[in-house]
Amino acid sequence: MEHTKLPLSDEIPYKSSSMTRKGAYVALSYMVSSVLLIIFNKAALSSYRFPFTSMACAFVILYVLKSMMIISFTTAESKSSSYNPVMFVPSRTLAQTLPLALPYLLYVVVTMEAVRGINVPMYTTLRRTTIAFTMMMEYFIGGKRHSNIVIISVGVIIFGAFIAGARDLAFDSYGYSIVFIENMCKAVYLTSVSRVGKSTGLNVFGLMWCNVVLCGPILLLWSAFRGELQSTLKFPYLLFPGFQALIFLSCAFTFFMNYIVVLNTTINSALTQAICSNLKDVFTSGFGWLLFGGLPYDLFNVLGQSIGFLGSCLYAYCKTRGK
């Protein structure tokens, strides 16, 4: 019996520096799904005030799809290769994905601390320096160089970010250091996606699976240590059908977005993914203001967002022209 396979990055041939039509569709899909997820979660959190994670849900989805042979985890599934039927991948392959899982794990943990230690406008501003960190990591890890016009577009985006946060420049050395560590971890993670995928023979789903298997138990223990697991179990609406429906839809959105992040990074580049994330924040701010309100008008913020948007458009133009 034949099963329909979902699109995988390993089916994409080696690409030039220019963005293909498929790459553009993937980048656009990431931004649309990410904006929808944030708006949906905002509505859910406003109604239930419930923070949650989707890593357990991702484990279940991947496990079921793999068990039903709807997806595969490798570029060329080999029947002769021995692997643990529970883990689905050889232990050696799982160990080879540690350079991908460890930065992601540290990124998640540091993000929790970064949000607590700095105000939201400045956190958003500093987070956009991920683009510069990603560009540096692409050079140091992969030896990838970018054209002058691409470097200029990245500079415009970062300049716009600091204009947007100009009114919140209350220097906090600890808070700033945590955000920069977060940015570095995310840059290393994005830059490692393609390299680890090629060295291990894993496709998008395989990389996601190993990430969940390696990071999930540690994050579960971390949540229990911080008391978040206990508060979740005591949540008063936990067994309400309406709440469970929201959780299911949110986890499905998050799973799809994580899939698109890895796919976009593989098909396009780590830098493109970082810039798509920045551009997504612009649209999220706009839609959030229209739908939820409550945000005061600030000239510096609007000007900075506009400059960042123009920088992102310049980068997109460079990629479509192969510059």
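In the numbering used here, the protein residues as written are 4 to 326. Virtual Cβ for every residue (Gly too), placed ideally from N, Cα, C.
Cβ pair residue i, residue j closer than 7 Å
| i | j | result |
| --- | --- | --- |
| Val159 | Gly314 | yes |
| Phe136 | Ala61 | no |
| Val196 | Thr268 | yes |
| Asn186 | Thr133 | yes |
| Val199 | Thr100 | yes |
| Ile278 | Tyr318 | yes |
| Arg131 | Asn281 | yes |
| Leu103 | Phe256 | no |
| Gly307 | Ile154 | no |
| Gly245 | Thr78 | no |
| Gly178 | Gly311 | no |
| Met260 | Ser36 | yes |
| Val305 | Met58 | no |
| Lys283 | Met34 | yes |
| Ile184 | Val112 | no |
Residues sharing a beta bridge with residue i, DSSP
| i | result |
| --- | --- |
| Thr1 | The structure shown does not extend to residue 1, since the chain is modelled only from 4 to 326, so the question has no answer here. |
Coil, strand or helix - residue i by DSSP
| i | result |
| --- | --- |
| Leu242 | coil |
| Phe258 | helix |
| Lys237 | coil |
| Gly163 | helix |
| Val92 | coil |
| Lys147 | coil |
| Ser84 | In this prediction, Ser84 has a pLDDT of 46, which is less than 50 and means its spatial position is unreliable; what the coordinates show is noted afterwards. Three-state result, Ser84: coil. |
| Met72 | coil |
| Ser226 | helix |
| Asn281 | helix |
| Gly158 | helix |
| Gly307 | helix |
| Thr275 | helix |
| Thr100 | coil |
| Arg324 | coil |
| Arg131 | coil |
| Thr23 | coil |
| Cys316 | helix |
Among the options, nearest to residue i - alpha-carbon criterion
| i | options | result |
| --- | --- | --- |
| Tyr192 | Met139, Gln247, Leu249 | Met139 |
| Tyr262 | Asn206, Ile310, Leu306, Val92 | Asn206 |
| Lys322 | Val111, Ser150, Leu40 | Ser150 |
| Ser75 | Met34, Leu242, Phe208 | Phe208 |
| Leu2 | Leu217, Phe246, Gly230 | No statement about residue 2 is possible, as the shown extent of the chain runs from 4 to 326 and does not include it. |
| Val264 | Gln276, Ser253, Cys254 | Gln276 |
| Trp212 | Met34, Ile64, Arg229, Val38 | Ile64 |
| Ile144 | Phe162, Thr194, Val111, Cys188 | Thr194 |
| Phe43 | Arg324, Cys316, Leu210, Ala248 | Ala248 |
| Val29 | Leu266, Lys283, Glu231, Arg229 | Leu266 |
| Met115 | Ile250, Arg229, Cys316, Phe258 | Arg229 |
| Leu274 | Lys147, Ser226, Lys201, Ser253 | Lys147 |
| Glu141 | Cys188, Gly219, Ser32 | Cys188 |
| Ala98 | Phe258, Leu210, Ser226 | Leu210 |
| Phe91 | Met72, Pro106, Leu242 | Met72 |
| Ser253 | Arg24, Ser32, Thr23, Val38 | Val38 |
| Ile221 | Leu242, Leu68, Arg24, Leu105 | Leu105 |
| Ile161 | Tyr320, Arg324, Ser309 | Ser309 |
Residue-chain proximity (residue i, chain B), Cβ-Cβ < 7 Å
| i | result |
| --- | --- |
| Ser36 | In summary, chain B is missing from the structure at hand, where a single protein chain is found. |
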